[in-house]
Amino acid sequence: MNENSQEPLTSISKARTIEEIADFWDTHSLADYWDQTHEVEFEVRAQRRRRVTLDPEVFQKVEVQARRRGLLPETLVNLWVVERLQATA
C-alpha cells in the first residue's frame, strides 16, 4: 500500500491511509456494502508463538514489574529473555 498516493486504497471507503480505513469502518456497517464485496483467497503467514508457563508467584512479580514500566507482562518477559540471551552470547 502506498499511503502517499492520491489513489484510494479501497474501493468502498475511498480511504488513502490505514487510519482512514479504520475510521470509515468504525462508523459504517459491512452489511450496507455487502453487495460490493467479492470473495478472495489469501495466505496468512503469522509466526507461531510458543508459550512458557510460569509459577503463579513468579508471574505475579513479573506483573508488578511490568505495570511499573507500563508494559504487558509478556512484553517484559520477552525483553528480559532477549537481554539475557545477548549477554550470554
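All letters in the sequence shown, in the order written, are residues 406 to 494 by my numbering. Every residue, glycine too, gets a C-beta built ideally from N, C-alpha and C. It should be emphasised that the depicted structure is a prediction, and the values quoted were computed from it without experimental measurement.
**Message:** Going by DSSP in three states, F464 sits in which element: helix, strand or coil?
**Reply:** helix
**Asked** Which residues bound the alpha helix (DSSP H) around A492?
**Response** P478 to T493
**Request:** Could you have a look at E444 and say whether DSSP puts it in helix, strand or coil?
**Result:** coil
**Message:** Would A492 and L481 be called neighbours here (beta carbons separated by less than 7 angstroms)?
**Reply:** In this structure, L481 does not lie closer than 7 angstroms to A492 by Cβ.
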